[in-house]
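Trainee:
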Ligand SMILES: C[S@@+](CC[C@H](N)C(=O)[O-])C[C@H]1O[C@@H](n2cnc3c(N)ncnc32)[C@H](O)[C@@H]1O
């Protein structure tokens, strides 16, 4: 589901980008306990205005980044922001139907996107499919309590059915075949998770 006007404004606001850099980035990198993997090729699902692309490139040291979004306007923005960067490929795609072959990426990221996807369980299976064995899935998500309440419903547009909490996200990740390596959550509203596709698991 595409963002409404207000969420677009919030996501693009310099304060949100400052938060991503100062707070979210150290939290996400910290999930690896100083054992960052070598990342040849990373995929970001739902790249929005592109801050996550910088995190993948500079924070995780990804040699190549593929970023997808459902919304062509987001991709146009990222194309302008990262003009001339040959390490970046931008593609319009739905996270629950990824147009990539199996076992392709070393790292896949969902930075606040799966709560927008009606069939998020299918998106989890898609991530498992496109990750290489041993690859990492980094998730930063907003949970049901944060998006299915009167205030959030009034301000933003999110699917209200089939949403999830921290525990249900982990259940789904495990059912897809992932191991949960590390995670944190804040009052059940939002959380970060590092899930690993076990080595030797081929799709
Ligand atoms: C809250 S924004 C987050 C953007 C960015 N990841 C960030 O952290 O700033 C959610 C993004 O997910 C995209 N999106 C929503 N549903 C999607 C889907 N089914 N597949 C791919 N992207 C989707 C939206 O267009 C939007 O850019």
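Residue numbers (my numbering): 11 to 213. Backbone N, C-alpha and C define an ideal beta-carbon position, used for all residues, glycine too.
Does ligand 1 have even one heavy atom less than 7 Å from the beta-carbon of residue 68?
Mentor: Flag unset: Cβ of residue 68 not near ligand 1.
Trainee: Go through its chain and collect everything with a Cβ distance to residue 12's Cβ below 6 Å, but skip five positions before and after it.
Mentor: Answer for residue 12: 81, listed in chain order.
Trainee: Could you pull the start and end residues of the beta strand (DSSP E) that residue 142 belongs to?
Mentor: Start and end: 141 to 152.
Trainee: Looking at residue 61 and ligand 1, is the gap between the Cβ and the nearest heavy atom below 7 Å?
Mentor: True, at least one ligand heavy atom lies under 7 Å from that Cβ.
Trainee: Rounding to the nearest angstrom, what Cα-Cα distance links residue 145 and residue 42 in this structure?
Mentor: Answer to the nearest angstrom: the Cα atoms are 12 Å apart.
Trainee: Would you call the region 164 to 176 in contact with the region 70 to 86, where contact means no fewer than 3 C-beta pairs closer than 8 Å?
Mentor: Segments in contact, no.
Trainee: For residue 66 and residue 75, I'd like the C-alpha separation in whole angstroms.
Mentor: Roughly 7 Å between the two C-alpha positions.
Trainee: Return the chain-ordered ranges of every alpha helix (DSSP H) run that is complete within the region 33 to 109 and spans a minimum of 4 residues.
Mentor: Taking only runs of at least 4 residues, the alpha helix (DSSP H) segments lying wholly in the region 33 to 109 are 35 to 40, 61 to 64, 82 to 91.
Trainee: What first and last residue would you give for the alpha helix (DSSP H) that runs through residue 196?
Mentor: First-last for residue 196: 189 to 196, but that is the beta strand (DSSP E), not the alpha helix (DSSP H).
Trainee: I'd like to know whether the C-beta atoms of residue 199 and residue 141 end up nearer to each other than 8 Å.
Mentor: Cβ atoms of residue 199 and residue 141: not closer than 8 Å.
Trainee: Among 135, 120, 47, 196, which has the Cα closest to the Cα of residue 155?
Mentor: If we check each option's Cα against that of residue 155, 196 comes out closest.
Trainee: Which one or two residues does DSSP pair with residue 206 in a beta bridge?
Mentor: According to DSSP, which records beta bridges pairwise, residue 206 is partnered with 146, 189.
Trainee: So is residue 161 buried or exposed if we call it buried at 16+ other beta carbons inside 10 Å?
Mentor: Under this definition residue 161 is an exposed residue.
Trainee: Once DSSP output is grouped into helix, strand and coil, what is the label at residue 166?
Mentor: Here residue 166 sits in coil by DSSP.
Trainee: Among 89, 86, 35, whose alpha-carbon lies nearest the alpha-carbon of residue 203?
Mentor: Nearest option by C-alpha distance: 35.
Trainee: For residue 199, which of helix, strand or coil comes out of DSSP?
Mentor: Of the three classes helix, strand and coil, the one that applies to residue 199 here is coil, per DSSP.
Trainee: Kindly indicate which residue of 143, 108, 93 has the alpha-carbon position closest to the one of residue 116.
Mentor: Considering only alpha carbons, the answer is 143.
Trainee: Considering only heavy atoms of ligand 1, does any lie closer than 7 Å to the CB of residue 127?
Mentor: True, at least one ligand heavy atom lies under 7 Å from that Cβ.
Trainee: For the structure I just gave you, are there three or more beta carbon pairs, one from the region 41 to 57 and one from the region 11 to 30, closer than 8 Å?
Mentor: Verdict: no, contact absent.
Trainee: Bridge partners for residue 119 per DSSP, in chain order?
Mentor: Answer is 54, 148, bridged to residue 119.
Trainee: Specify, as a first and last residue, the run of the alpha helix (DSSP H) that residue 12 falls within.
Mentor: Premise fails: residue 12 is in no alpha helix (DSSP H) and is neither H nor E.
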